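Trainee: Dropping a structure here in structure tokens format, bear with me for questions.
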Amino acid sequence: MKIAIIGGGAAGMTAASRIKRLRPGWDVKVFERAAYVSHAPCGVPFYVSGFVRDISELCAYEIDFFKEKRGIDVHPRARVVKVGRGFLKVIEKRNNESYENTYEWDRLLFATGTRASPLNVNCEELEGVLCIHYIENGERVKKMATKIEKIVIIGSGYIGVEMSEAFSRLGKKVILIEKEKKPIPDFDPEIGSILKRKLEEKVKARFNEEVISIEGKDKVEKVVTDKGKYKCEMVIIAVGEVPNVELAKDLGVKLGKSGAIETNSRMETNIKGVYAAGDCAETVNIVTGEKDWIPLAAPANKMGYVAGVNIAGYEMEFPGAVRSQLTSFYNLEIGRAGLSEKEALKKGFDPISATITMKSTAKYIPNGDITIKLVADSNGKVLGVQAAGTGVAKRIYAAASLLYKKSTVEDFFFADLPYYPPESRVWDPLVVAARNLFRKLGMP
Numbered sequence: 014m015k016i017a018i019i020g021g022g023a024a025g026m027t028a029a030s031r032i033k034r035l036r037p038g039w040d041v042k043v044f045e046r047a048a049y050v051s052h053a054p055c056g057v058p059f060y061v062s063g064f065v066r067d068i069s070e071l072c073a074y075e076i077d078f079f080k081e082k083r084g085i086d087v088h089p090r091a092r093v094v095k096v097g098r099g100f101l102k103v104i105e106k107r108n109n110e111s112y113e114n115t116y117e118w119d120r121l122l123f124a125t126g127t128r129a130s131p132l133n134v135n136c137e138e139l140e141g142v143l144c145i146h147y148i149e150n151g152e153r154v155k156k157m158a159t160k161i162e163k164i165v166i167i168g169s170g171y172i173g174v175e176m177s178e179a180f181s182r183l184g185k186k187v188i189l190i191e192k193e194k195k196p197i198p199d200f201d202p203e204i205g206s207i208l209k210r211k212l213e214e215k216v217k218a219r220f221n222e223e224v225i226s227i228e229g230k231d232k233v234e235k236v237v238t239d240k241g242k243y244k245c246e247m248v249i250i251a252v253g254e255v256p257n258v259e260l261a262k263d264l265g266v267k268l269g270k271s272g273a274i275e276t277n278s279r280m281e282t283n284i285k286g287v288y289a290a291g292d293c294a295e296t297v298n299i300v301t302g303e304k305d306w307i308p309l310a311a312p313a314n315k316m317g318y319v320a321g322v323n324i325a326g327y328e329m330e331f332p333g334a335v336r337s338q339l340t341s342f343y344n345l346e347i348g349r350a351g352l353s354e355k356e357a358l359k360k361g362f363d364p365i366s367a368t369i370t371m372k373s374t375a376k377y378i379p380n381g382d383i384t385i386k387l388v389a390d391s392n393g394k395v396l397g398v399q400a401a402g403t404g405v406a407k408r409i410y411a412a413a414s415l416l417y418k419k420s421t422v423e424d425f426f427f428a429d430l431p432y433y434p435p436e437s438r439v440w441d442p443l444v445v446a447a448r449n450l451f452r453k454l455g456m457p
């Protein structure tokens with residue numbers, strides 16, 4: 014059996030590994046346009062800042078490991094240019110030469126991931142304008158950063174925030190521009206405002222400001238917004254991402270409402286023998302029960318695992334995800350799982366919420382504050398949790414597990430979260446937030 018996998022990121026390599034484990038005699042080929050596989054572009058900010066010394070450390074395994082230990086035929090620097098029924102054409106680079114080859118497949122997996130969303134200004138031809146969505150750009154950014162001082166970052170999502178920290182730790186002059194009123198716009202204001210204050214302590218943050226143009230002669234010199242002009246030597250564009258679906262679309266694979274590839278719970282597409290997994294594919298949002306696009310690393314790996322099992326001829330279903338996310342800015346942790354209140358309203362729920370701020374540990378071992386916002390439907394079903402401060406990660410882990418089981422406010426209140434004075438309280442902040450929702454639900 015000939016298996017072709019387009020994309021050597023988390024989903025692709027997880028699927029390939031599972032197939033070879035279950036069907037060691039099968040021919041499994043992975044085609045990856047980059048020089049790396051099993052890579053983690055989300056780690057690039059930590060490489061730029063110096064926390065990670067070598068960019069190869071952002072890869073879970075080296076290519077030789079997959080070839081020699083798992084028997085996977087990995088093709089790096091291989092760009093798939095056409096996919097047909099039972100074949101694909103690939104342009105491969107070796108020793109600075111390009112070759113076009115054709116390969117056959119019996120079953121095919123699209124694990125093509127995403128690409129950076131474009132900024133609606135003409136700037137591609139200017140040197141120094143980059144995005145961090147691709148692992149290869151990590152080396153370019155870090156090398157360039159050693160020679161410059163002024164950097165503009167456009168977009169204050171996770172990558173924008175993390176790159177702001179990376180550059181400010183290097184002593185650079187950072188200007189962060191965001192068109193919305195607060196950073197990480199998918200959070201509610203109660204949490205976003207905390208991050209906003211922290212950002213303003215470390216970088217020159219400009220909110221509610223939209224980029225009109227990026228200008229320069231050959232290389233970038235300034236960014237022009239609707240409120241000002243900012244001189245710079247590098248621009249990082251971090252305004253989001255879109256799924257890579259062009260090859261799948263050309264083959265006749267159906268796309269979902271989000272624009273990502275539509276799949277069932279077995280990661281099958283509408284074409285027999287063709288699967289999709291990871292950031293290019295839709296899944297189910299467990300909180301809403303609806304199809305959703307959730308381009309995050311943890312679901313991508315699991316989707317790849319499920320796809321691999323089913324491609325190998327076994328049975329497994331992927332239940333969906335709750336959109337659990339974590340990041341930080343210096344010592345401030347920020348995280349969420351499930352829906353924000355504004356998202357809940359858009360989805361037609363009747364949301365209620367409680368926001369609390371308290372010490373994250375026992376009062377005699379002060380270790381910082383945490384703010385938690387708990388959002389529930391008026392029937393008591395919890396829809397989402399957001400948090401900022403100290404000790405956020407452990408609360409989001411707990412919330413994600415409870416949301417996966419479609420828990421109620423009462424379930425959150427009675428969750429048996431452990432007490433350990435240096436790390437947690439007898440009345441955990443997550444439990445206190447649930448208790449504060451009782452009165453809004455008419456409970457004692």
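Take the sequence shown: its letters are residues 14 to 457, numbered as in the working numbering. For every residue, glycine included, the Cβ atom is placed at its ideal position computed from N, Cα and C. On a predicted model such as this, the values are computed, not experimentally measured, just so you know.
Taking only the alpha-carbon atoms, compute the straight-line gap between D86 and I18 and give it to the nearest angstrom.
Mentor: Residue numbering aside, residue 86 sits at position 73 when the sequence shown is read from its first letter. Residue numbering aside, residue 18 sits at position 5 when the sequence shown is read from its first letter. D86 and I18: Cα-Cα distance of roughly 10 Å.
Trainee: Beta strand (DSSP E) containing A73: first to last residue?
Mentor: As a first step, residue 73 must be located in the sequence shown, where it is residue number 60. It is not in any beta strand (DSSP E) - A73 carries neither H nor E in the DSSP assignment.
Trainee: Let me check one thing: in DSSP terms, what residues is G402 bridge-paired to?
Mentor: One-based indexing of the sequence shown puts residue 402 at position 389. Under DSSP, the beta-bridge partners assigned to G402 are E346, I383.
Trainee: Using only CA atoms, which one of A48, L132, E70 lies nearest to P58?
Mentor: Numbered from 1 along the sequence shown, position 45 holds the residue referred to as residue 58. The shortest C-alpha separation from P58 is found at E70.
Trainee: Determine the closest residue to R46 out of V187, I190, V93, C144, with distance taken between C-alpha atoms.
Mentor: Residue numbering aside, residue 46 sits at position 33 when the sequence shown is read from its first letter. The candidate whose alpha carbon is nearest that of R46 is V93.
Trainee: Can you check DSSP and say which residues form a bridge with H88?
Mentor: Residue numbering aside, residue 88 sits at position 75 when the sequence shown is read from its first letter. The partner list for H88 (beta bridge, DSSP) reads F44.
Trainee: Among the candidates L35, W118, V439, A91, whose CA atom is the shortest distance from the CA of N109?
Mentor: As a working note, residue 109 is residue 96 in the sequence shown. When each option's Cα is compared against that of N109, the closest is A91.
Trainee: Any idea which residues DSSP pairs S341 with across the strands?
Mentor: Your numbering for residue 341 matches position 328 in the sequence shown. For S341, which the question treats as bridged, DSSP gives the partners E346.
Trainee: Check whether the stretch 136-146 and the stretch 221-229 touch, using three or more Cβ-Cβ pairs below 8 Å as the test.
Mentor: yes
Trainee: Give the straight-line distance between the Cα atoms of V165 and G99, rounded to the nearest whole angstrom.
Mentor: Taking the sequence shown and counting its residues from 1, the one referred to as residue 165 is at position 152. Taking the sequence shown and counting its residues from 1, the one referred to as residue 99 is at position 86. Distance between the alpha carbons of V165 and G99 is about 46 Å.
Trainee: Just checking my contact of E214 with I190 at CB under 8 Å: how many whole Å lie between their CB atoms?
Mentor: The residue you call residue 214 lines up with position 201 of the sequence shown. The residue you call residue 190 lines up with position 177 of the sequence shown. The pair is not a contact, with the Cβ atoms about 17 Å apart (cut-off 8 Å).
Trainee: Taking only heavy atoms of the ligand ZN into account, decide whether any of them is closer than 7 Å to the Cβ of L132.
Mentor: Of ligands this structure carries none, so the ligand ZN is not represented either.
Trainee: To the nearest angstrom, how far is the alpha carbon of R83 from that of I249?
Mentor: For the purposes of this step, residue 83 is taken as residue 70 along the sequence shown, with counting starting at 1. For the purposes of this step, residue 249 is taken as residue 236 along the sequence shown, with counting starting at 1. Those two C-alpha atoms are separated by around 37 Å.
Trainee: Within the same chain, show all residues whose beta-carbon is closer than 7 Å to that of R182, passing over the 5 residues directly before and after it, in chain order.
Mentor: Residue numbering aside, residue 182 sits at position 169 when the sequence shown is read from its first letter. The beta carbon of R182 is closer than 7 Å to those of S62 in its chain, skipping five residues each way along the sequence.
Trainee: Rank E203, M280, G20, K185 by C-alpha distance to the C-alpha of T125 and give the top, closest one.
Mentor: Walking along the sequence shown from the start, residue 125 turns up at place 112. Nearest of E203, M280, G20, K185 to T125, Cα basis: G20.
Trainee: Taking the beta strand (DSSP E) that L264 belongs to, which residues open and close that run?
Mentor: Position 251 of the sequence shown, counted from the first residue, corresponds to residue 264. Careful: L264 lies outside any beta strand (DSSP E), inside the alpha helix (DSSP H) at 259-264.
Trainee: According to the Cβ coordinates, are M316 and G291 closer than 8 Å?
Mentor: Here residue 316 refers to the residue found at position 303 of the sequence shown. Here residue 291 refers to the residue found at position 278 of the sequence shown. In terms of Cβ geometry, M316 and G291 form a close pair [threshold 8 Å].
Trainee: Who are the Cβ neighbours of K15 in its own chain at under 7 Å, not counting the five residues just before and after it?
Mentor: As a working mapping, residue 15 is identified with position 2 in the sequence shown. Excluding residues within five positions, the ones whose Cβ falls inside 7 Å are D40, E117, W118, D119.
Trainee: Check whether the stretch 368-380 touches the stretch 411-430, taking contact to mean three or more Cβ pairs, one atom from each stretch, closer than 8 Å.
Mentor: The stretch 368-380 is not in contact with the stretch 411-430.
Trainee: By a C-beta neighbour count over all protein chains shown, 10 Å radius and 16 as the cutoff for buried, is R219 buried or exposed?
Mentor: Start at 1 with the first residue of the sequence shown, and residue 219 comes out as number 206. When all chains shown are included, R219 counts as buried.
Trainee: So, do the stretch 149-163 and the stretch 319-326 have three or more beta carbon pairs nearer to each other than 8 Å?
Mentor: no
Trainee: Could you pull the start and end residues of the beta strand (DSSP E) that S226 belongs to?
Mentor: As a position in the sequence shown, residue 226 is number 213, starting the count at 1. Here the beta strand (DSSP E) through S226 covers 224-230.
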